[in-house]
Amino acid sequence: MEAIVWSDYLCPWCYVGQARSRQMADLGLAVVHRPYELHPSIPPEGRRVRAEGGLSATFARVAEACEEVGMAFRAPTRTPNTRRALETAEWVRLHHPEAFPVLHAALFDAHFAQGAPLDDPAVLDALVDDAGAPAAEVRAAVDEGRGRPLVDASMDQAREAGVASVPTWVLPGGFALPGALDPATVERWVTRLLARARSADDGTVAAEG
Numbered sequence: 003m004e005a006i007v008w009s010d011y012l013c014p015w016c017y018v019g020q021a022r023s024r025q026m027a028d029l030g031l032a033v034v035h036r037p038y039e040l041h042p043s044i045p046p047e048g049r050r051v052r053a054e055g056g057l058s059a060t061f062a063r064v065a066e067a068c069e070e071v072g073m074a075f076r077a078p079t080r081t082p083n084t085r086r087a088l089e090t091a092e093w094v095r096l097h098h099p100e101a102f103p104v105l106h107a108a109l110f111d112a113h114f115a116q117g118a119p120l121d122d123p124a125v126l127d128a129l130v131d132d133a134g135a136p137a138a139e140v141r142a143a144v145d146e147g148r149g150r151p152l153v154d155a156s157m158d159q160a161r162e163a164g165v166a167s168v169p170t171w172v173l174p175g176g177f178a179l180p181g182a183l184d185p186a187t188v189e190r191w192v193t194r195l196l197a198r199a200r201s202a203d204d205g206t207v208a209a210e211g
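Numbering-wise (the numbering used here), the sequence shown opens with residue 3 and increments by one.
Shown next, in the form of structure tokens:
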């Protein structure tokens, strides 16, 4: 059984949400990661994060959540346009799936733990290469626009599933869990859905017998 999670690499709660995705996997779900461009209006050069802005309070809460799950966190001073990063990751997920888990985590770490610019093609090349995918091929695909329809398709699928914010996990049966989730909520819903699926399977087997 699958859970699909939509996320963007500039979203701090998506960064923390990696821990919830791992929890779902441990509970028995196959987690599929899909791209969601949260702020397409961010200019190509990115934006500075204002110290007095609303993100400061968010980053303080994120830092606490990261500490609880043992994740490093460095509050970003700049918000990049992540379209290229999303297209890069989605191309790798579809064409070099063995490299995607490492790249996916590395993109989050680059922004929220290392302060690396996710809109810099050279940074993306290095992350792709470190993940074990051919950086030159991936970069060429993105430069030629072949990653754009992949992200557009993911956005369309998110809208069809009723996803309007990230992170959002869509569980079997179309049930959606959005936002900053606590472990107890994840365990309760995933366990309930898996038990329901097992009961349905048992009923089918009994009927067939």
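Yeah, the Cβ is synthetic: ideal placement off N, Cα and C, and Gly gets one too. Every value quoted in this text rests on a predicted model; they were computed, and no experiment measured them.
For Gly147 and Val33, I'd like the C-alpha separation in whole angstroms. Gly147 and Val33: Cα-Cα distance of roughly 27 Å.
Exposed or buried, what is Val207 when buried is set at 16 or more other beta-carbons lying within 10 Å of its beta-carbon? The pLDDT assigned to Val207 is 39, lower than 50, so where the model puts this residue is not dependable; a value taken from the coordinates is nonetheless given after this. Val207 comes out exposed.
Span separating the alpha-carbon of Ala209 from that of Arg161: Unreliable positioning characterises Ala209 in this predicted model, as indicated by a pLDDT of 42, which lies under 50. The coordinate reading is nonetheless provided below. Answer to the nearest angstrom: the Cα atoms are 37 Å apart.
Just how far apart, CA to CA, sit Ala182 and Trp93? Our two residues, Ala182 and Trp93, have alpha carbons roughly 27 Å apart in a direct line.
Should Glu47 be counted as a contact of the ligand GDP given a C-beta to heavy atom distance under 6 Å? With respect to small molecules bound, the structure shown includes none, and the ligand GDP cannot be examined in it.
Does the Cβ-Cβ distance between Ala135 and His106 come in under 7 Å? No, these two residues do not count as a Cβ contact at 7 Å.
Might you give, ordered along the chain, the residues of its own chain that have their beta carbon closer than 7 Å to the beta carbon of Val144, omitting 5 neighbours on each side? Taking C-beta separations shorter than 7 Å and ignoring five residues to either side along the sequence, the partners of Val144 in its chain run Arg86, Glu89, Thr90 and Trp93, following chain order.
Evaluate the contact criterion for the segment 99-119 versus the segment 72-84: three or more CB pairs, one atom per stretch, below 8 Å. The segment 99-119 is in contact with the segment 72-84.
Under a Cβ-count criterion, where at least 16 other Cβ atoms within 10 Å of its own Cβ denotes burial, should Arg22 be classed as buried or exposed? Arg22 comes out buried.
Of the listed residues Leu12, Trp15, Asp28 and Pro14, nearest to Glu189 (C-alpha basis): Measuring from the Cα of Glu189, the nearest candidate turns out to be Asp28.
May I ask which residues mark the beginning and end of the alpha helix (DSSP H) holding Arg148? From DSSP, Arg148 is part of no alpha helix (DSSP H); its letter is neither H nor E.
For Pro45, count neighbouring Cβ atoms within 10 angstroms of its own Cβ and tell me buried if that reaches 16, exposed if not. It is exposed - the Cβ of Pro45 has fewer than 16 other Cβ atoms within 10 Å.
Pick out the complete beta strand (DSSP E) segments inside the segment 18-78, 3 residues or longer, and give them in chain order. Correct list: 32-37.
With 16 as the cutoff for other CB atoms within 10 Å, does Gly176 come out buried or exposed? Under a 10 Å Cβ-count criterion, Gly176 is classified as exposed, with fewer than 16 other Cβ atoms of the shown protein chains found around its own Cβ.
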